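Residue numbers (my numbering): 6 to 293. Below is one structure, written out as structure tokens; the observations come after it.
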């Protein structure tokens, strides 16, 4: 699946892109079924663990799964999506290399009427590399709309600085600069089966789900094969993360701004836990 020149230019200028119809109705139905199965499995846990991240009011009677961690490791349906050629064709075009590495994944679940927000942040603040030819793909398991907490983007922010994501000297997983302005935010609304793509440095977040409809977003983080993580990596793990092309020990270094996610967050485990130390929301407008 190939992007048009207009789509590529849109991504280059704004730092994000939405593409419809990447996954079929049958594939979407399979995503939904498998995800529902994991929500059912979450009834058996009462605390966050290596698989499940839970809403604060989760109970066995009313399971509220906020995030499924490392979904490709949990089910083959998610692993196939990570390696889907239609997705990888698009990613290769945008990161500029045939060799592509997958270096992170999660499934964020905003269930009807209560899904948690994700405060403004830049992915680059969590995992800077030697170059920033990196992006995240969000596979829409449901329609993604303003009402159910769609992705919000500050267009063009991928060309700017890396903002401070620290509070009281510790990493907090969200923008903490007092004069941060989100008035130019744009909504990324897509039907189920579409994908969102956003640059690793673009500012983004999402509001709570205030609708009766769920918003489940399967997220894959991809990097150009010659981007090396500045906080280091095990060589075998690095090589094993390639989803297209072959690894090389020759990396590409470009002039990119970096703030390390150190000292580490007081609360680890997920971005939700990182952000739980915030004294208030980073949202100043509804977005868009």
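The C-beta atom is built at its ideal place from N, Cα and C for all residues, glycine as well. Computed from a predicted model, the values in this text were never measured in an experiment.
Residues 126, 170, 270, 276, 279, 280 of the same chain have their beta carbon placed closer than 7 Å to that of residue 178, with the five preceding and five following residues left out of the count. By the neighbour-count criterion, in which 16 or more other beta carbons inside 10 Å mark a residue as buried, residue 67 falls on the exposed side.
Exposed is the label assigned to residue 17, since fewer than 16 other Cβ atoms lie within 10 Å of its Cβ. DSSP, reduced to helix, strand and coil, places residue 38 within a helical segment of the structure shown. With a threshold of 16 other beta carbon atoms within 10 Å, residue 25 falls short and is exposed.
Taking each of 137, 36, 152 in turn and checking the Cα distance to residue 85, the smallest one comes out for 36. For residue 226, the uninterrupted beta strand (DSSP E) run begins and ends at 220-229, by DSSP.
For residue 277, the enclosing alpha helix (DSSP H) stretches over residues 276-280.
For the pair residue 156 and residue 203, the CB atoms are nearer than the 9 Å cut-off.
Residue state for residue 68 is assigned as coil, using DSSP reduced to three classes. Comparing alpha-carbon positions, the option among 106, 79, 97, 119 lying closest to residue 61 turns out to be 119. By DSSP's assignment, residue 234 forms a beta bridge with 134. Look at residue 176 here: in three-state DSSP terms it is strand. The closest CA to that of residue 11, considering only 98, 90, 69, 248, is found on 98. For residue 63, the closest of 48, 144, 6 by C-alpha to C-alpha distance is 48.
With respect to the C-alpha of residue 29, the residue from 21, 139, 83, 199 having the closest C-alpha is 199. The residues 6, 7, in chain order, have a CB closer than 8 Å to that of residue 94 in the same chain once the five nearest residues on each side in sequence are set aside.
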